[in-house]
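Trainee: In my numbering, the protein residues as written are 42 to 137.
Glycine included, every Cβ here is placed at the ideal spot set by N, Cα and C.
Would you mind keeping the following structure in view while I ask a few things?
Printed below as a string of C-alpha coordinates:
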(Lines of atoms letter the chains of each structure in order from A; the text may use other names.)
(Lines give C-alpha, C1' and ligand atoms only; values in the text may rest on other atoms or scores of the structure.)
Protein backbone atom coordinates (compact mmCIF):
# COMPACT_ATOMS: atom_id res chain seq x y z
CA UNK A 42 0.00 0.00 0.00
CA UNK A 43 1.25 3.49 -0.84
CA UNK A 44 0.42 6.54 1.26
CA UNK A 45 -0.31 9.92 -0.30
CA UNK A 46 -0.31 12.47 2.56
CA UNK A 47 -2.57 15.52 2.38
CA UNK A 48 -1.72 19.21 2.90
CA UNK A 49 1.53 19.72 4.85
CA UNK A 50 1.67 16.18 6.25
CA UNK A 51 4.80 14.06 5.91
CA UNK A 52 5.26 10.28 6.24
CA UNK A 53 8.48 9.24 7.99
CA UNK A 54 10.07 5.83 8.52
CA UNK A 55 11.65 6.09 12.00
CA UNK A 56 15.22 4.89 12.51
CA UNK A 57 15.70 1.73 14.53
CA UNK A 58 15.93 2.25 18.30
CA UNK A 59 19.24 1.45 19.98
CA UNK A 60 19.14 -2.02 21.52
CA UNK A 61 22.41 -1.81 23.44
CA UNK A 62 24.16 0.91 25.40
CA UNK A 63 27.67 2.19 24.63
CA UNK A 64 28.92 -0.15 27.38
CA UNK A 65 27.32 -3.20 25.71
CA UNK A 66 24.31 -3.61 28.01
CA UNK A 67 21.29 -5.00 26.14
CA UNK A 68 18.16 -2.89 26.69
CA UNK A 69 14.70 -4.50 26.88
CA UNK A 70 11.95 -3.05 24.67
CA UNK A 71 10.40 -1.15 27.57
CA UNK A 72 13.67 0.69 28.34
CA UNK A 73 14.47 1.72 24.77
CA UNK A 74 14.11 5.38 23.83
CA UNK A 75 11.66 6.20 21.05
CA UNK A 76 13.60 7.18 17.93
CA UNK A 77 13.52 10.89 17.15
CA UNK A 78 14.96 10.71 13.65
CA UNK A 79 13.92 9.06 10.44
CA UNK A 80 13.73 9.13 6.66
CA UNK A 81 10.99 10.96 4.75
CA UNK A 82 9.14 8.49 2.51
CA UNK A 83 6.20 10.66 1.33
CA UNK A 84 5.36 14.38 1.29
CA UNK A 85 2.02 16.13 0.82
CA UNK A 86 1.51 18.99 -1.66
CA UNK A 87 1.76 21.72 1.00
CA UNK A 88 -0.58 23.77 3.16
CA UNK A 89 -3.34 25.65 1.31
CA UNK A 90 -3.08 29.39 1.99
CA UNK A 91 -5.97 31.86 2.00
CA UNK A 92 -4.94 33.07 -1.46
CA UNK A 93 -5.61 29.57 -2.83
CA UNK A 94 -1.94 28.82 -3.47
CA UNK A 95 0.02 26.01 -1.87
CA UNK A 96 2.91 26.77 0.50
CA UNK A 97 5.76 24.43 -0.55
CA UNK A 98 7.01 21.85 1.97
CA UNK A 99 10.64 22.27 3.09
CA UNK A 100 11.55 18.56 2.99
CA UNK A 101 11.74 16.02 0.17
CA UNK A 102 11.50 12.25 -0.06
CA UNK A 103 14.78 10.74 1.15
CA UNK A 104 15.67 13.54 3.60
CA UNK A 105 16.83 12.56 7.10
CA UNK A 106 14.93 14.59 9.72
CA UNK A 107 14.66 15.08 13.49
CA UNK A 108 11.22 15.34 15.07
CA UNK A 109 9.70 15.62 18.55
CA UNK A 110 9.59 12.46 20.65
CA UNK A 111 5.80 12.41 20.99
CA UNK A 112 4.77 14.20 17.79
CA UNK A 113 2.71 12.73 14.99
CA UNK A 114 0.70 9.55 14.64
CA UNK A 115 2.20 6.05 14.51
CA UNK A 116 0.60 3.62 12.04
CA UNK A 117 1.53 0.32 10.41
CA UNK A 118 1.56 0.11 6.62
CA UNK A 119 2.57 -3.06 4.80
CA UNK A 120 4.14 -4.50 7.95
CA UNK A 121 6.29 -1.40 8.58
CA UNK A 122 5.85 1.16 11.34
CA UNK A 123 5.64 4.70 9.96
CA UNK A 124 4.88 8.08 11.50
CA UNK A 125 2.69 10.81 9.98
CA UNK A 126 3.64 14.35 11.05
CA UNK A 127 2.77 17.89 10.09
CA UNK A 128 5.64 19.91 8.65
CA UNK A 129 5.65 22.04 11.83
CA UNK A 130 6.44 18.91 13.93
CA UNK A 131 9.78 18.47 12.16
CA UNK A 132 12.57 20.13 14.12
CA UNK A 133 15.46 19.91 11.62
CA UNK A 134 16.87 18.29 8.49
CA UNK A 135 20.08 16.30 8.97
CA UNK A 136 22.63 17.57 6.46
CA UNK A 137 25.28 15.12 5.27
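Which residues in the same chain have their Cβ closer than 8 Å to the Cβ of residue 129, if we skip the five residues on either side of it in sequence?
Mentor: Locating residue 129 in the chain shown gives position 88, counting from the first residue. Excluding residues within five positions, the ones whose Cβ falls inside 8 Å are 49.
Trainee: For residue 144, collect the residues of the same chain with a Cβ closer than 8 Å to its Cβ; drop the 5 residues on either side in sequence, then sort them by chain order.
Mentor: Residue 144 lies beyond the range of the chain shown here (42 to 137); nothing can be said about it.
Trainee: So residue 54 is in the beta strand (DSSP E); what residue range does that whole segment cover?
Mentor: Along the chain shown, one-based indexing puts residue 54 at 13. 50-55 is the span of the beta strand (DSSP E), which, as asked, contains residue 54.
Trainee: Whose CA, out of 51, 101, 121, lies closest to the CA of residue 112?
Mentor: Locating residue 112 in the chain shown gives position 71, counting from the first residue. The shortest Cα separation from residue 112 among 51, 101, 121 belongs to 51.
Trainee: Taking DSSP's pairing of strands, which residues face residue 108 in a bridge?
Mentor: Working through the chain shown from its first residue, we reach residue 108 at position 67. According to DSSP, residue 108 bridges with 131.
Trainee: If residue 46 sits next to residue 99, beta carbons under 8 Å apart, how far is it from one beta carbon to the other, in whole angstroms?
Mentor: Counting from one through the chain shown, the residue named residue 46 turns up at place 5. Counting from one through the chain shown, the residue named residue 99 turns up at place 58. Residue 46 to residue 99, Cβ: 14 Å. No contact.
Trainee: Would you check if the distance between the CB atom of residue 135 and the CB atom of residue 106 is smaller than 9 Å?
Mentor: The residue you call residue 135 lines up with position 94 of the chain shown. The residue you call residue 106 lines up with position 65 of the chain shown. Yes, the Cβ-Cβ distance between residue 135 and residue 106 is below 9 Å.
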